[in-house]
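**Student:** Going down the list, the sequences are from chains A and B.
Just so we're aligned, residue 14 is where the first sequence starts under my numbering, counting upward by one.
Just so we're aligned, residue 14 is where the second sequence starts under my numbering, counting upward by one.
2 protein chains.
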Amino acid sequence: MNGAQALLHTLVGCGVNVCFANPGTSEMHFVAALDGVPDVRGVLCLFEGVATGAADGYGRMAGRPAAVLLHLGPGLANGLANLHNARRAHTPVLAVVGDHATYHKRHDAPLESDIDALASAVSGWIRRPARAADLGADAAEAVAAAMAPPGQVATLVLPADVSWSDGAAPAPPAAFRAPAPVPDEAVAGAASALRSGEPCVILLGGTGLRRGGLGAASRLASASVRVLSETFPARHERGAGIPPVNRLAYLAEFAAEQLAGSRHLILAGARAPVAFFAYPHLPSSLVPDGCTVHLLAEPGDDVPGALAAVAELAAPQAGAAPQPPGRPGMPDGDLTAESAAAVIGALLPEGAIVSDEANTSGLWLAGATAGAPPHDWLTLTGGAIGQGLPLAAGAAIACPDRSVLALEADGSAMYTISALWTHAREQLDITTVIFSNRRYAILGLELDRVGAVSSGQAARRLLDLSKPGIDFTALAAGMGVPARRTGTAAEFADALRQAFAEPGPHLIEAEVPPPF
Amino acid sequence: MNGAQALLHTLVGCGVNVCFANPGTSEMHFVAALDGVPDVRGVLCLFEGVATGAADGYGRMAGRPAAVLLHLGPGLANGLANLHNARRAHTPVLAVVGDHATYHKRHDAPLESDIDALASAVSGWIRRPARAADLGADAAEAVAAAMAPPGQVATLVLPADVSWSDGAAPAPPAAFRAPAPVPDEAVAGAASALRSGEPCVILLGGTGLRRGGLGAASRLASASVRVLSETFPARHERGAGIPPVNRLAYLAEFAAEQLAGSRHLILAGARAPVAFFAYPHLPSSLVPDGCTVHLLAEPGDDVPGALAAVAELAAPQAGAAPQPPGRPGMPDGDLTAESAAAVIGALLPEGAIVSDEANTSGLWLAGATAGAPPHDWLTLTGGAIGQGLPLAAGAAIACPDRSVLALEADGSAMYTISALWTHAREQLDITTVIFSNRRYAILGLELDRVGAVSSGQAARRLLDLSKPGIDFTALAAGMGVPARRTGTAAEFADALRQAFAEPGPHLIEAEVPPPF
């Protein structure tokens with residue numbers, strides 16, 4: 014058995030049975046080995062950023078890693094931005110980076126580069142097996158490393174000769190630890206702060222944003238205790254019947270308002286809040302002066318368990334406060350980001366998975382969908398745009414019985430637009446909505462917010478996507494995804510209904526004005 | 014004057030007046046400063062890999078760097094693959110990577126990552142100015158570093174507060190050295206080998222592949238001396254009136270045949286040849302046993318001068334042997350990679366710049382265009398596919414009076430397809446030919462060559478682009494580039510004629526069968 018075969022058999026034993034792939038010559042033995050291991054589904058992506066983003070979406074929903082197969086340093090480089098998002102999301106991902114044969118590297122062939130330096134920027138674990146005989150055990154350890162709470166990117170650098178050499182054997186799964194219980198002192202400290210009557214904020218993140226954590230946290234809410242979510246959750250369970258939570262705002266000024274006056278900030282799976290960017294005259298830390306930060310649970314801890322324990326101490330009688338069901342009325346007139354959100358709230362199917370990279374066009378989405386049937390909401394965790402369409406692909410493969418809705422800003426969509434081809438190739442049940450406002454609207458806002466003085470057209474032209482306008486229905490059709498353009502709320506509703514009703518991928522171009 | 018303004022004024026003084034940009038919030042002061050520095054042309058790209066590939070194309074043709082503006086670590090990551098190609102091409106490129114404000118970095122905001130680790134993989138020079146007052150001088154040094162022979166990627170990491178703080182001033186250009194003359198001993202050693210009568214190969218690379226170097230080298234060719242080009246030149250001047258040179262083959266077996274029996278290998282701007290990939294049972298080095306390698310000139314040396322000096326010693330009486338003019342006859346029948354090459358050879362305009370990422374469909378191009386009017390040929394130097402369309406954009410901006418022809422494999426095109434939007438936005442005179450054979454043909458070949466045994470459909474499916482087929486005319490139209498699909502040689506010729514005759518961008522989808 015060669016290394017590649019042992020690797021694949023080991024992965025199957027470890028529960029890894031999807032491989033998003035953009036292979037090259039150095040990965041051909043891995044590719045060939047797929048023929049003998051039908052339990053691993055190979056999913057071709059036309060660009061590595063699609064493959065890594067799909068692995069992120071898969072891992073967020075499946076709770077276990079997909080493999081993602083990349084071709085040497087440049088292939089890893091193309092996949093880094095979405096691995097950066099996966100790192101911030103704490104998603105378990107197994108990156109397999111093919112490399113030149115061990116003896117070939119010193120010749121500095123054209124594709125040679127410093128893979129380890131590149132991998133270090135996103136990976137919590139990196140290994141380079143030196144012999145085929147080691148590969149099985151290294152692969153099992155890689156999966157365990159990816160699964161180490163709260164989850165991380167584990168990178169296995171696979172030299173071509175280690176892949177093609179005989180003498181390998183599959184290894185059994187390696188053990189990995191479960192999320193750690195939180196020490197009693199942390200629970201007691203949080204409970205004490207919450208019972209103090211002083212203004213408190215509980216900031217939820219990670220697994221705290223699943224149904225169990227939200228239920229426990231909602232028991233703690235009171236006149237003096239507010240519960241908020243981290244700004245960009247990896248996966249947030251929400252909708253009717255699930256306790257709701259507002260997100261900490263993206264704009265530092267608004268976030269500061271949300272936190273103003275609080276004397277205790279209790280972190281439950283979230284990090285202490287910081288401004289997304291630095292702005293002249295605004296602080297980086299969003300923790301108010303005089304506010305004590307209590308670390309209840311790290312992202313890798315048992316966050317729901319910690320919240321439940323605090324609730325037993327601080328609010329033993331309180332019940333959870335689930336979101337009542339409710340949908341917006343169907344809007345009329347021209348399509349806007351706001352009316353599109355209402356349509357989405359009115360039609361979102363039960364069990365939907367929303368991949369949200371709508372950016373400025375998404376301002377109204379949270380409110381409009383709050384009372385929709387239960388669903389999962391996945392956000393842009395690391396700020397590296399181009400996540401949404403790939404993430405949707407991975408989520409759809411992880412959850413083939415659920416409807417996936419990708420809400421996508423036009424500018425961001427163009428980074429990884431070839432994801433649509435994978436949507437079509439795999440006939441994934443994904444509805445993509447492109448909010449086409451023909452500009453980088455967020456940058457128009459930020460240009461002013463950072464105090465940059467733009468006095469002419471050169472700067473504005475770099476934020477403009479209107480010349481030429483992009484016809485996303487043509488792009489979708491060119492990659493095998495049926496598409497419609499919509500300019501009124503009624504057209505958008507009709508298109509969305511049809512897309513949800515039919516299996517397979519669809520794209521709707523939503524022509525909306527910029528929100529500001 | 015703030016840092017960004019001083020930076021831009023410094024760049025203009027150093028001859029840098031194009032900036033390919035994909036900016037974000039941390040670069041807004043740089044963007045705003047463009048309004049006050051009209052001598053810098055900002056060119057928006059919808060993905061960083063387009064911006065870096067365009068900077069490579071610009072630098073190869075202009076002989077001086079363009080700036081490329083990238084957004085933090087993820088933006089740099091997206092641009093790395095084409096910076097890798099630029100590194101292998103020895104192209105002068107100035108990468109400006111916006112970063113968080115200096116004081117913001119320790120807060121580990123979502124977009125924070127290890128920019129230095131990423132930059133180290135492609136950059137010959139990296140600096141991170143700490144104060145606005147340093148920025149002018151650092152920028153001037155960055156340009157000089159990019160220009161240091163043979164040219165390299167210089168990376169300036171620009172913290173947002175260094176960009177927005179006052180107290181900066183433009184700096185004058187920094188000195189950089191010219192290509193070094195080659196020592197007399199190296200010239201004498203090469204001349205002695207060439208006069209020995211033993212079989213010799215002169216391997217040309219870098220500036221040795223411009224008209225002057227080719228002329229000198231051709232004087233040295235004889236019954237015992239063959240002249241070859243490195244496999245993937247950054248820029249090769251060729252066509253009628255210029256001495257021709259064959260390229261060392263990509264396939265190691267064929268390259269070994271070309272070099273078999275040679276006793277002396279003289280490197281003139283090229284590196285000692287190595288196999289592109291490792292293959293079981295094939296050596297990595299392509300230098301034959303018993304062959305002595307003579308280093309005449311490094312890529313950063315005065316390669317044409319060294320060749321001329323050798324010619325004066327070894328072949329003082331010999332003249333250059335220019336390529337006679339000649340074009341293929343216009344072919345008939347179904348379009349194939351071979352007939353498409355003949356059409357291109359028949360129609361290639363004088364002074365054309367060819368961005369060649371045709372891969373397996375390009376096998377017949379060199380022969381078919383050998384006697385066409387003089388032109389430049391730019392190849393995929395680093396093996397990181399997705400170079401061709403961006404490179405064409407940069408070349409067109411560097412040389413607005415010349416016709417640019419991008420010859421592009423379908424698989425490779427999809428990595429950076431949004432380059433077409435920049436072609437349209439800037440109305441660049443680029444004709445893109447997509448060789449649509451609907452598979453990763455090179456990988457089908459390599460799967461067999463590496464000895465991988467594929468027994469089923471799972472592996473072959475990862476090399477297949479036919480389900481769904483990609484409609485490149487729809488993709489082009491969606492981004493504002495007029496496009497036609499062609500299935501016969503006559504249709505292809507008609508489309509190519511029209512595209513060359515009309516200004517602005519065009520795309521021709523050439524439906525061809527795979528060559529094997």
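Note that CB positions come from ideal geometry on N, CA and C, so glycine has one too.
As the structure is a prediction and not an experimental result, all values here were calculated from the model.
If you run the structure through DSSP and keep just helix, strand and coil, what is S126/B?
**Tutor:** Of the three classes helix, strand and coil, the one that applies to S126/B here is coil, per DSSP.
**Student:** In whole angstroms, what separates the C-alpha of A158/A from that of I455/A?
**Tutor:** Cα to Cα, A158/A sits roughly 36 angstroms from I455/A.
**Student:** Select from A506/A, N450/A, V300/A the residue whose C-alpha is nearest the C-alpha of S479/A.
**Tutor:** Nearest option by C-alpha distance: N450/A.
**Student:** Is there a Cβ of chain A sitting closer than 8 angstroms to that of L488/B, yes or no?
**Tutor:** Answer yes: the Cβ-Cβ gap between L488/B and chain A drops below 8 angstroms somewhere.
**Student:** In the DSSP assignment, find the unbroken alpha helix (DSSP H) run with S425/A in it and report its ends.
**Tutor:** S425/A -> alpha helix (DSSP H) spans 423-426.
**Student:** On a Cα-Cα basis, can you pick out the residue from D461/A, R474/A, D423/A that is closest to D484/A?
**Tutor:** Out of D461/A, R474/A, D423/A, D423/A has the C-alpha closest to the C-alpha of D484/A.
**Student:** Going by beta carbon distance, what residues of the same chain come within less than 6 angstroms of A331/B, once the five residues before and after it are set aside?
**Tutor:** Excluding positions up to five away in sequence, the list reads R232.
**Student:** If L222/B sits next to P256/B, beta carbons under 8 angstroms apart, how far is it from one beta carbon to the other, in whole angstroms?
**Tutor:** In fact, because the Cβ distance is near 10 angstroms, the residues do not count as touching under 8 angstroms.
**Student:** Using three-state DSSP, classify F43/B as helix, strand or coil.
**Tutor:** DSSP places F43/B in helix when its eight states are reduced to three.
**Student:** List the residues of chain E whose Cβ lies closer than 7 angstroms to the Cβ of F33/B, in chain order.
**Tutor:** The chain inventory of the structure shown lacks chain E, comprising the protein chains A and B.
**Student:** Is the shortest distance between the beta-carbon of D484/A and the beta-carbons of chain B less than 8 angstroms?
**Tutor:** Chain B contact via Cβ: present.
**Student:** How far does the alpha helix (DSSP H) with V356/B in it extend, from its first residue to its last?
**Tutor:** It spans 350-360 - the alpha helix (DSSP H) in which V356/B sits, taken as one unbroken run.
**Student:** Exposed or buried, what is H249/A when buried is set at 16 or more other beta-carbons lying within 10 Å of its beta-carbon?
**Tutor:** That one is buried.
**Student:** Just the C-alpha distance for L96/B and G72/B, rounded to the nearest angstrom, thanks.
**Tutor:** Answer to the nearest angstrom: the Cα atoms are 12 angstroms apart.
**Student:** For a test of the three-state rule: what should DSSP assign to N372/B, helix, strand or coil?
**Tutor:** Helix.
**Student:** Within the continuous beta strand (DSSP E) that includes S242/A, where are the two ends?
**Tutor:** Start and end: 238-242.
**Student:** Starting from R140/A, follow the alpha helix (DSSP H) in both directions and report where the run begins and ends.
**Tutor:** Segment 138-140 is the beta strand (DSSP E) holding R140/A; no alpha helix (DSSP H) there.
**Student:** Taking only beta-carbon atoms, is I430/B less than 8 angstroms away from chain A?
**Tutor:** With 8 angstroms as the cut-off, I430/B counts as an interface residue toward chain A.
**Student:** If you measure beta-carbon to beta-carbon, which residues of the stretch 86-119 of chain A are closer than 7 angstroms to chain B?
**Tutor:** So the list reads G86, P87, A90, N91, L93, A94, H97, R101, H113, A114, Y116, H117, given in the order they occur along the chain.
**Student:** Count the other CB atoms within 10 Å of the CB of A471/A; is the residue buried (16 or more) or exposed (fewer)?
**Tutor:** Buried is the call here.
**Student:** What residues from the stretch 122-147 of chain B come within 8 angstroms of chain A, judged by C-beta to C-beta, listed N to C?
**Tutor:** Cβ contacts with chain A come from A122, P123, L124, S126, D127, A130, L131, S133, A134, V135.
**Student:** Three-state secondary structure (DSSP) at S449/B?
**Tutor:** Strand, per DSSP.
**Student:** What would DSSP say about E522/B, mapped onto helix, strand or coil?
**Tutor:** Looking at E522/B - three-state DSSP - the assignment turns out to be strand.
**Student:** Nearest to P301/A by alpha carbon, out of S126/A, Y292/A, A285/A?
**Tutor:** Measuring from the Cα of P301/A, the nearest candidate turns out to be A285/A.
**Student:** Find the residues of chain A that neighbour W434/B, judging by a C-beta separation of less than 9 angstroms, and give them in chain order.
**Tutor:** Simply M427, L478, P481, I483.
**Student:** Roughly how many angstroms lie between the CA atoms of E351/A and S374/A, to the nearest whole one?
**Tutor:** Answer to the nearest angstrom: the Cα atoms are 8 angstroms apart.
**Student:** Taking C-beta pairs closer than 7 angstroms, name the residues in chain B that R438/A reaches, listed in chain order.
**Tutor:** Correct list: K480, P481.
**Student:** Closer than 8 angstroms is the cut-off here; do at least three beta carbon pairs connect the stretch 273-280 of chain A with the stretch 298-318 of chain A?
**Tutor:** Touching, yes, given that three or more Cβ pairs across the two stretches are closer than 8 angstroms.
**Student:** Find the residues of chain A that neighbour W390/B, judging by a C-beta separation of less than 9 angstroms, and give them in chain order.
**Tutor:** Residues of chain A passing the Cβ test: none, with the nearest at roughly 17 angstroms.
**Student:** Whose Cβ in chain B lies nearer than 8 angstroms to the Cβ of A173/A?
**Tutor:** Those are F290, A291, V463, listed as they occur along chain B.
**Student:** Between N98/B and L393/B, which are expected to be in contact by the criterion C-beta below 8 angstroms, what is the C-beta distance as a whole number of angstroms?
**Tutor:** The pair is a contact, with the Cβ atoms about 7 angstroms apart (cut-off 8 angstroms).
**Student:** Indicate the three-state DSSP secondary structure (helix, strand or coil) for P312/B in the structure shown.
**Tutor:** In this structure, P312/B counts as coil in the three-state DSSP scheme.
**Student:** Under the three-state reduction of DSSP, which class applies to V494/A: helix, strand or coil?
**Tutor:** It is coil, neither helix nor strand.
**Student:** Measuring straight from C-alpha to C-alpha, what distance separates A204/A and Q336/A?
**Tutor:** Roughly 24 angstroms separates the two Cα atoms.
**Student:** To the nearest angstrom, how far is it from the Cα of D414/B to the Cα of R144/A?
**Tutor:** Whole-angstrom Cα-Cα distance: 55 angstroms.
**Student:** Grouping DSSP H, G and I as helix and E and B as strand, with all else coil, what is D345/A?
**Tutor:** Looking at D345/A - three-state DSSP - the assignment turns out to be coil, as it is neither helix nor strand.
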